[in-house]
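For reference, the structure discussed in these notes is given below.
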Amino acid sequence: MSATISEQAEIRSMAHELARRELSLRTAAIDSGDQDAWAECWQLLTETGLDRALLDERHGGVGLGVAELLTVVEELAIGDGGIAMSVLLCNAALATLSDEQLAGLGEGARWALVPATSGTELAISNGQLDGNIACALGCHGVDGVVLLALDRSSPATWALHANTAGLKFKRDLAQLGLRGAAAASLELQDVSAPSTDCDTVIDGASASALLYAGTAAIARGIARRAHEMAFEYAQARQQGGVAIIEHDAVSDMLTAMAVRLTCRPEMLIEASGKLRLAQSLAAKIAATDAAVATTTDAVQVFGGTGYMVETGIEKLMRDAKYCQLFPQANWLLYRELTKA
Amino acid sequence: MTTLVESQPLSERFPRLTARVDVRELERLRTRAHRFAEQHIRPRALEIDRHTDQDPAWFDWDLVRAGAQEGLLSFLIPKPAGGAGGLATQAAIVMEELCAACPGIALIFGAHALGISPLLLGGPSQWDGVLAELVASERTDSPLLMACAITEPEAGTDVEDPDLLARARITSHARRVPGGFRLSGTKRFISNGSVARWITLLMPTDPRRPVETWTCFLIDARSEGFKVARVEHKMGQRACPAAELTLDEVFVPDERVVGREGDGAPETMIVLACSRPPVGAIATGIARGAYERLQAWLAEDPAAKGLLARQHVQLALANMEEDIHLARQAYMDAATELDHVALGGAMSHPAVRALGRIPAAIRRRAPVNGWLSSPRARDATIALLHRTTTEQAVTRSLGLSSMAKARGGDVAMRVTGTALEITGLRAGPVRAELEKLWRDAKLTQIYEGTNQLNRLEIYRTLCQKETINCLPPLHNHHDGHTQQPASANGNGAQR
Ligand SMILES: Cc1cc2nc3c(=O)[nH]c(=O)nc-3n(C[C@H](O)[C@H](O)[C@H](O)COP(=O)(O)OP(=O)(O)OC[C@H]3O[C@@H](n4cnc5c(N)ncnc54)[C@H](O)[C@@H]3O)c2cc1C
Numbered sequence: 067m068s069a070t071i072s073e074q075a076e077i078r079s080m081a082h083e084l085a086r087r088e089l090s091l092r093t094a095a096i097d098s099g100d101q102d103a104w105a106e107c108w109q110l111l112t113e114t115g116l117d118r119a120l121l122d123e124r125h126g127g128v129g130l131g132v133a134e135l136l137t138v139v140e141e142l143a144i145g146d147g148g149i150a151m152s153v154l155l156c157n158a159a160l161a162t163l164s165d166e167q168l169a170g171l172g173e174g175a176r177w178a179l180v181p182a183t184s185g186t187e188l189a190i191s192n193g194q195l196d197g198n199i200a201c202a203l204g205c206h207g208v209d210g211v212v213l214l215a216l217d218r219s220s221p222a223t224w225a226l227h228a229n230t231a232g233l234k235f236k237r238d239l240a241q242l243g244l245r246g247a248a249a250a251s252l253e254l255q256d257v258s259a260p261s262t263d264c265d266t267v268i269d270g271a272s273a274s275a276l277l278y279a280g281t282a283a284i285a286r287g288i289a290r291r292a293h294e295m296a297f298e299y300a301q302a303r304q305q306g307g308v309a310i311i312e313h314d315a316v317s318d319m320l321t322a323m324a325v326r327l328t329c330r331p332e333m334l335i336e337a338s339g340k341l342r343l344a345q346s347l348a349a350k351i352a353a354t355d356a357a358v359a360t361t362t363d364a365v366q367v368f369g370g371t372g373y374m375v376e377t378g379i380e381k382l383m384r385d386a387k388y389c390q391l392f393p394q395a396n397w398l399l400y401r402e403l404t405k406a
Numbered sequence: 012m013t014t015l016v017e018s019q020p021l022s023e024r025f026p027r028l029t030a031r032v033d034v035r036e037l038e039r040l041r042t043r044a045h046r047f048a049e050q051h052i053r054p055r056a057l058e059i060d061r062h063t064d065q066d067p068a069w070f071d072w073d074l075v076r077a078g079a080q081e082g083l084l085s086f087l088i089p090k091p092a093g094g095a096g097g098l099a100t101q102a103a104i105v106m107e108e109l110c111a112a113c114p115g116i117a118l119i120f121g122a123h124a125l126g127i128s129p130l131l132l133g134g135p136s137q138w139d140g141v142l143a144e145l146v147a148s149e150r151t152d153s154p155l156l157m158a159c160a161i162t163e164p165e166a167g168t169d170v171e172d173p174d175l176l177a178r179a180r181i182t183s184h185a186r187r188v189p190g191g192f193r194l195s196g197t198k199r200f201i202s203n204g205s206v207a208r209w210i211t212l213l214m215p216t217d218p219r220r221p222v223e224t225w226t227c228f229l230i231d232a233r234s235e236g237f238k239v240a241r242v243e244h245k246m247g248q249r250a251c252p253a254a255e256l257t258l259d260e261v262f263v264p265d266e267r268v269v270g271r272e273g274d275g276a277p278e279t280m281i282v283l284a285c286s287r288p289p290v291g292a293i294a295t296g297i298a299r300g301a302y303e304r305l306q307a308w309l310a311e312d313p314a315a316k317g318l319l320a321r322q323h324v325q326l327a328l329a330n331m332e333e334d335i336h337l338a339r340q341a342y343m344d345a346a347t348e349l350d351h352v353a354l355g356g357a358m359s360h361p362a363v364r365a366l367g368r369i370p371a372a373i374r375r376r377a378p379v380n381g382w383l384s385s386p387r388a389r390d391a392t393i394a395l396l397h398r399t400t401t402e403q404a405v406t407r408s409l410g411l412s413s414m415a416k417a418r419g420g421d422v423a424m425r426v427t428g429t430a431l432e433i434t435g436l437r438a439g440p441v442r443a444e445l446e447k448l449w450r451d452a453k454l455t456q457i458y459e460g461t462n463q464l465n466r467l468e469i470y471r472t473l474c475q476k477e478t479i480n481c482l483p484p485l486h487n488h489h490d491g492h493t494q495q496p497a498s499a500n501g502n503g504a505q506r
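Sequence lines, in order, name chains A and B. Taking this note's numbering, the leading residue of the first sequence gets 67, the next gets one more, and so forth. Taking this note's numbering, the leading residue of the second sequence gets 12, the next gets one more, and so forth.
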């Protein structure tokens, strides 16, 4: 069941308001590792049900379709890209759980989808999982994870509570971007995990498509914010006797940013409301490369001021870079795309 | 870890070097810088980056002391003042080596060199003052650092070009008073600003005519009225603090005017022509550092198994090799052009060499010293510049320097960004090093004039063959001013 057009608009504007009013106020604090600021934001998101928006009301969700979720995470990313990523990963994880599994979750439980490559990161044999997954975004402090084996023709998922025997989390302290989705490395040793393949909102294949399209949407949100900030600054800052926006060197960068923003991830959704993997991969590549270019240029528009942490623009550059690298770097996805 | 350039001698790489420079000396300098980088910089780079993320004002004096022992604070100071007499080529070679390990730490030495540059233009008159003091301090436990302050809150790009300076919103002002000037205003983003003992600082003596009255002053950071207002929290290159400096009626005596009053605009252009090749080298070093780390990771880390067999990776590595090679050619070309063509004549002029042969003890005695610090000596230095070079030559050099800087900055961003893409988020310890280099790289597109400004400079100087006013005029319209109060005070010419 997906939301009506007016409901979609309402949800979008709610996410928009939340991003502008609440997340953007706390984004610098979250970036510097302030747990309280992060918890306040997450509290607001759970109150609105956006952390589990894809689920229906029985499970505390709002019954959003994938398209609406993409708009929601894009809007949230204007406030904080990391928080938006946490929302995406939580939604994607919960949507792969069965009714029965969902019923067993505590209220407000936070989960994260963890993409992994089988073989190098995750070994599966006789129903046992072993492996090491570094820098799993959004996994620090979660109640559970859904592992998603990315490189299989029909990606499988495994749901694991955080306290599952043989599963260990270690906070990734070197995380450079999307810090609102605090990363951990996961160690799995002889973990037994049944596959979740029945009666779920989305299956493994759709979860990976959602992951790519969602990352594209978040990257677009980050790029929109960077464009907005750079545009505003270019009108206010004067050099050479005029506002710097009057110089082609600056206005060309701003125009290129606007041009890149014409690619919209939600346009990928088919009439049926489903996401196709190939389009999602293409969107992920295009939108995250665009976001890296846009945020890098946005810092440039700010000149030396852009290099200062307090301006908040360099953070967008780091966040965009993480979108480009997550769940895998774009060049590795070329092959997937060719196959798809 | 192997380095890209070690295998091939500098003389083969850059044939122009053999003509006039002692290449063996350059080679020794490079080896020393490389060793210092490997021993002292690389092992501490991440730790210092984390420290300064928590506390941007935190500063590692131990590293400066270690660098001082290697002569890294004096290699640009002329030999008669006790230094090694290096120029842009030496600065660039050292910078690439240090930056391959950590550009933030390297910037401490780079910003120090930038602070020294205007003093070098002052010629022999500067040898026995602060330059000698810097050399002497290098042998003590408390080495002295320098900084150069040009940028103001309302004027960044605008102070990097004389045409723009004419329209700039300059808020600083050096007011003439008996015996010197009183300086007021704010300088922003000054590398080493919070740790430097001496600062070369540019300001107009008449803010309504900034181009004509732009003047370089040598500021003692212990002066009354001088304050470090804040230290910035930066994205990268954090080991070197960038500070906002405020001056409230800071007194600077006439003898600490570097060059002549009103010569600041052309002096700035020469300083930028000298400092941009080393910035190109900083960027090249960053790119090389990322490339070396990536190569090591691909060869050694089990997580990278099979990647080298992928053409995508091979092509990316080939592009990096190409980029780094061309960036290095660009900065070496610019540096050698400056040292041997644009300014070479002045530096190696027989008169300068003869003065250099006078023992320092004699040079520092009253009659010689009195003449060296007189306005006539300053005029003679300018006259020598005019005899040994032309505005066209310096302009061309400036164009090449801008090219080295802008190209280097783009290469640093491209190589570090691609290296991160190849290793990805799952790469283990090398990820943090590459991420740091990527953050560090962004600055090279911004400081020393943004890449946009530098490319506009290339357009004017090389595409349009415009000649930029980059030599102080032979006859300075402030001559009367500078001499009058000085002699009234018993300083300057009469001393
Ligand atoms: C970490 C750091 C260290 C630094 N260290 C020093 C130092 O030691 N000493 C020192 O004096 N300065 C230093 N700087 C200052 C540096 O040189 C300036 O930041 C740089 O020149 C750009 O000036 P700005 O920051 O004011 O940017 P702005 O001049 O405001 O530029 C903003 C944007 O407008 C563009 N722009 C501006 N004018 C024009 C124009 N006329 N035509 C086309 N485009 C234009 C720029 O390219 C840029 O994209 C440092 C800066 C940083 C960030």
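C-beta: ideal position from N, C-alpha, C; glycine also.
Can you check whether the C-beta of C205/A is within less than 7 Å of a C-beta belonging to chain B? no
Using 8 Å as the Cβ pair cut-off and three pairs as the minimum, do the segment 453-472 of chain B and the segment 135-145 of chain B touch? no
List the endpoints of the continuous alpha helix (DSSP H) containing H293/A. 270-302
Chain-order list of residues whose beta-carbon lies under 8 Å from that of W382/B (same chain, five-residue window excluded): A388
Would you check whether ligand 1 has a heavy atom nearer than 6 Å to the C-beta of T461/B? yes
Could you run through the segment 239-262 of chain A and flag, in chain order, every residue whose CB is less than 7 Å away from some CB of chain B? A240, L242
Using 7 Å as the threshold, is the C-beta distance between L226/A and L233/A below it? yes
Is the closest heavy atom of ligand 1 to the C-beta of T224/B under 6 Å? no
Cα-Cα separation between R384/A and Q463/B, rounded to whole angstroms: 22 Å
As assigned by DSSP and simplified to three states, the class of A504/B: With a pLDDT of only 31 at A504/B, under 50, the local geometry of the prediction cannot be trusted, and the value read off the model is given with reservation. Residue state, collapsed to three classes: helix.
Between the segment 80-91 of chain B and the segment 268-283 of chain B, do at least 3 Cβ pairs fall closer than 8 Å? no
Mind reading off the beta-carbon distance from R450/B to M246/B? Whole number of angstroms is fine, and I expect it under 8 Å. 5 Å
Below 8 Å on the Cβ atoms is my guess for A395/A versus E432/B; work out the distance and round it to an integer in Å. 4 Å
Boundaries (first-last residue) of the alpha helix (DSSP H) holding W138/B: First-last for W138/B: undefined, no H or E at that position.
Ordered along the chain, which non-local residues of its own chain (more than five positions away) have a Cβ less than 7 Å from that of L70/B? A small fix is needed here, since residue 70/B is Phe in this sequence, not Leu. Cβ neighbours of F70/B beyond the five flanking positions: V206, P252.
Closer than 8 Å between beta carbons: that is the criterion. Which residues of the segment 296-307 of chain A meet it against chain B? Q304, Q305, G306, G307
Using the Cα positions of V146/B and A77/B, report the straight-line distance between them to the nearest angstrom. 14 Å
Tell me whether W108/A sits in a helix, a strand or coil according to DSSP, three-state version. helix
If I measure Cβ to Cβ from A177/B and keep anything under 8 Å in the same chain, skipping five residues before and after, which residues do I get? P221, V222
Ligand 1 and H313/A: does any heavy atom of the ligand fall closer than 6 Å to the residue's C-beta? yes
Could you tell me if the beta carbon of I119/B falls within a distance shorter than 6 Å of some heavy atom in ligand 1? no
Rounded Cβ spacing between G236/B and L448/B (contact assumed at less than 8 Å): Their Cβ separation, rounded to whole angstroms, is 39 Å, which puts G236/B and L448/B out of contact at 8 Å.
Sequence ranges, beta strand (DSSP E) only - wholly within the segment 205-263 of chain B, length at least 3: 209-215, 225-231, 237-242
May I ask you to check if the CB of R92/A is nearer than 6 Å to at least one heavy atom of ligand 1? no
For chain A, check one thing: does any of its Cβ atoms lie closer than 7 Å to the Cβ of P446/B? It is worth fixing the name first, because residue 446/B is Glu in this sequence and not Pro. Judged by the 7 Å Cβ criterion, E446/B is in contact with chain A.
Determine the burial state of C474/B: buried for a count of at least 16 other Cβ atoms within 10 Å of its Cβ, exposed for fewer. exposed
Under 8 Å, CB to CB, which of the residues in the segment 364-378 of chain A have a partner in chain B? V365, Q366, G369, G370, G372, Y373, M374, V375, E376
Sorted by chain position, which residues of the same chain lie with C-beta nearer than 6 Å to I201/B's C-beta, five sequence neighbours on each side aside? A158, A160, A254, L256
Coil, strand or helix - C201/A by DSSP: strand
C-beta neighbour in chain A for A338/B, strict 7 Å: no
Is there a Cβ from chain B that is less than 7 Å from the Cβ of A200/A? yes
CA-CA distance, A81/A and P288/B? 49 Å
N- and C-terminal bounds of the alpha helix (DSSP H) containing I335/B: 322-347
Limits of the unbroken alpha helix (DSSP H) element including K381/A: 379-391
Just checking: is the beta-carbon of F86/B within a distance shorter than 7 Å of some beta-carbon in chain A? no
Chain B partners of A395/A, CB-CB under 9 Å? L431, E432, I433, T434, G435, L436
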